[in-house]
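Engineer:
There are 2 protein chains.
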Amino acid sequence: MINLAEQIGAIPLFEGLPEDQQADLAAIAQVKNLERNEVIFSEGDEGNGFYVVSAGRVKIFKLSPDGKEQILHLFGPGEPFGEVAVFAGVRFPAYAEALDKAAVIFFPRRALLDLIRRNPDLALNLLGLMSMRLRRFTHLIEDLSLKEVPGRLAAHLLFLSGLKNGSDELELDITKTQLASLLGTIPETLSRILAKLVKQGLLKSEGPA
Amino acid sequence: MINLAEQIGAIPLFEGLPEDQQADLAAIAQVKNLERNEVIFSEGDEGNGFYVVSAGRVKIFKLSPDGKEQILHLFGPGEPFGEVAVFAGVRFPAYAEALDKAAVIFFPRRALLDLIRRNPDLALNLLGLMSMRLRRFTHLIEDLSLKEVPGRLAAHLLFLSGLKNGSDELELDITKTQLASLLGTIPETLSRILAKLVKQGLLKSEGPA
DNA sequence: CGGCGGCCTTGACTTGAGTCAAGGCCTGGT
DNA sequence: ACCAGGCCTTGACTCAAGTCAAGGCCGCCG
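Quick note, the sequences are listed as chains A and B, same order.
Just so it is clear: in the first sequence, position 62 is 62 by the working numbering, and no numbers are missing.
Just so it is clear: in the second sequence, position 91 is 91 by the working numbering, and no numbers are missing.
1) Pull out every residue of the region 59-71 of chain A whose Cβ sits closer than 7 Å to any Cβ of chain B, in chain order.
2) Once DSSP output is grouped into helix, strand and coil, what is the label at Q30(A)?
3) Quick check: the Cα distance between L190(B) and N48(A), rounded to an integer number of angstroms?
4) Is V39(A) close to chain B, meaning its C-beta is less than 8 Å from at least one C-beta of that chain?
5) Report yes if the C-beta distance between L183(B) and L127(A) is below 8 Å; otherwise report no.
6) Classify S42(B): buried if its beta carbon has 16 or more other beta carbons within 10 angstroms, exposed otherwise.
7) Contact check, G16(A) vs D114(A) under 8 Å by CB: the rounded distance?
8) Can you give the Cα-Cα distance for S205(B) and L153(A), rounded to whole angstroms?
9) Any chance the region 131-142 of chain B sits against the region 163-172 of chain B, with 3 or more Cβ pairs inside 8 Å?
10) For the region 59-77 of chain B against the region 25-34 of chain B, do three or more pairs of beta-carbon atoms, one drawn from each stretch, fall closer than 8 Å, so that the two count as touching?
11) Below 7 Å on C-beta distance, what does F87(A) contact in chain B?
12) Quick check on P187(A) - is its C-beta less than 8 Å from some C-beta in chain B?
13) For A111(A), which of helix, strand or coil comes out of DSSP?
14) What does the alpha-carbon distance come out to for the pair A209(B) and T175(B)?
15) Using 8 Å as the cut-off, can you tell me whether the region 50-67 of chain B makes contact with the region 75-95 of chain B, which would need three or more C-beta pairs spanning the two stretches below that distance?
16) Within the continuous alpha helix (DSSP H) that includes E188(B), where are the two ends?
17) Return yes when the Cβ of V198(B) is within less than 8 Å of the Cβ of I105(B), no when it is not.
18) Below 8 Å on the Cβ atoms is my contact criterion, and I expect R91(B) with E46(B) to pass it. Report the Cβ-Cβ distance as a whole number of Å.
19) Measuring only between beta-carbons, confirm whether V90(B) sits less than 8 Å from chain A.
20) Take K147(B) as the anchor and find which of A123(A), G9(A), R133(A) and D66(A) has the nearest alpha-carbon.
21) Roughly how many whole angstroms lie between the Cα atoms of M1(B) and Q7(B)?
22) Can you check DSSP and say which residues form a bridge with Q70(A)?
23) CB L34(B) to CB A98(B), shorter than 8 Å?
24) I'd like to know whether the C-beta atoms of R36(A) and K101(A) end up nearer to each other than 8 Å.
25) Taking the straight line between their C-alpha atoms, what separation do you get for G201(B) and R57(B)?
26) Have a look at N3(A), M130(A), A195(A) and A29(A) and flag the residue whose alpha-carbon is nearest the alpha-carbon of G89(B).
27) Quick one: using the 10 Å Cβ neighbour count with 16 as the cut-off for buried, is T185(A) buried or exposed?
28) Look at L144(A) and S145(B) and say whether their C-beta atoms are less than 8 Å apart.
29) What is the C-beta distance between V60(B) and A94(B), in whole angstroms, given that I count them as a contact (C-beta under 8 Å)?
30) Would A10(B) be called buried (16 or more neighbouring beta carbons within 10 Å of its own) or exposed?
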């Protein structure tokens, strides 16, 4: 918030963007500070812009009629979200909520479209980003439809361990309830499976969180 | 195949592209004719280009270790597929196979990237396309994790009926086995559910296919 | 300091949907 | 014309995972 232009320059998506265009962005960007659990947008809201996480974490999720939630993404600083609504010209297809006290930067739809027209590399960045997300979604779909919960859990833990260069020890920064929602299950089931893995000696677990 | 350039001009993705650029495309495009059930690419293959369906239909799907399949997309003439691998710079994340006797046009990766750099509107088209796919995937994920099979079936039928302006009568052009795979279930289950709906008078069903 | 509300765990029960197996029907090929 | 193979359906069984309920463990706020 102190220096918006600097923050914008640090967003990977806007990397390499000429200074004057970054300045243009800064001029129209709006920062929004959020309390923990504050709603950013709801499914069905008009999507007249997109967001980048500035601080804290944001979860994107779907809700079933009876309240069960499926987490689609967890985003941290520098990661954009809500772009789908901008390009597809539709309403937001999911909910967005701050996981912690957080801040997001909002860019109006039109500004982004203008910028892309002037800057093909930005378009390529965006295409790359969305491709990665599509890829992750195909993974999630595969898991949901073709694997059982223990398999999904294992895949997720291995994925996390992969991020840490294969360390065989890792710390989760989300609650188990959230992990359950990310895996498409419920806390009770997750708890049972973890207990079983520990009993089989395949896993050790420690502490809360 | 008789007139490749003309076909390329008719692809929605390339709509509005200057003639000379369409000609460039035609010069590097390769047409591939396919038998029914012929594999186009497999998960893990190098993704050095993308495809557009020219005739027939193509299914994109994931396979579980024990052979169960989850259909991700069904594409018909004019629809592109395999773009994710081009932009994310990764291997194909799923399998592609011809559903009927079909033909596809292949465009090498580099050509597409060049074209985008010269043509921002093409980039916007692509971004729109991928956004729509992301949106459909969020829907599928929601269905898989938050709804039971009857609900998914109902949603799918309503979706199809929506395409036909809400007609309350519709014809499926895929087998029930394929529909099952699209819904993330198996033919037996689908068959039972349809039978139940018919018995409850919520639905009538007719003929094979 | 005490109590309330999250979060996690465990147990008992229920159920949706998958597996396995068998039979009917239709189609295309020899 | 007939057989083989694919697709669909039905029945009996099994099982993974969800619901419901209860209890323990903090940590925060009044």
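Each residue gets a CB set at the ideal place from its N, CA and C atoms; glycine is no exception.
Structural biologist: This is what the structure gives:
1) K62, S64, K68 and Q70
2) strand
3) 40 Å
4) no
5) Against a cut-off of 8 Å, the Cβ pair of L127(A) and L183(B) comes out as no contact.
6) Burial is judged here by how many other beta carbons sit within 10 angstroms of a residue's own beta carbon; S42(B) has fewer than 16 and is exposed.
7) Wrong, their Cβ atoms sit about 17 Å apart, outside the cutoff.
8) Rounded to whole angstroms, S205(B) to L153(A) spans 40 Å at the Cα level.
9) no
10) no
11) L127, G128 and S131
12) no
13) Looking at A111(A) - three-state DSSP - the assignment turns out to be helix.
14) Because A209(B) sits at a pLDDT of 49, beneath the cut-off of 50, its placement in the model cannot be relied upon, and the following sentence gives the value as read from the coordinates. Taking the straight line joining both Cα atoms gives about 5 Å.
15) yes
16) Secondary structure note for E188(B): its alpha helix (DSSP H) is the uninterrupted segment P187 to K199.
17) no
18) 6 Å
19) yes
20) D66(A)
21) Model confidence at M1(B) stands at a pLDDT of 48, short of 50, so the residue's coordinates are unreliable; what they give is reported in the following sentence. Roughly 8 Å separates the two Cα atoms.
22) K62(A)
23) yes
24) yes
25) 33 Å
26) M130(A)
27) buried
28) yes
29) In the sequence as displayed, the identity of residue 60(B) is Ile instead of Val. In this structure I60(B) touches A94(B) by the C-beta definition: roughly 5 Å separates them, less than 8 Å.
30) exposed
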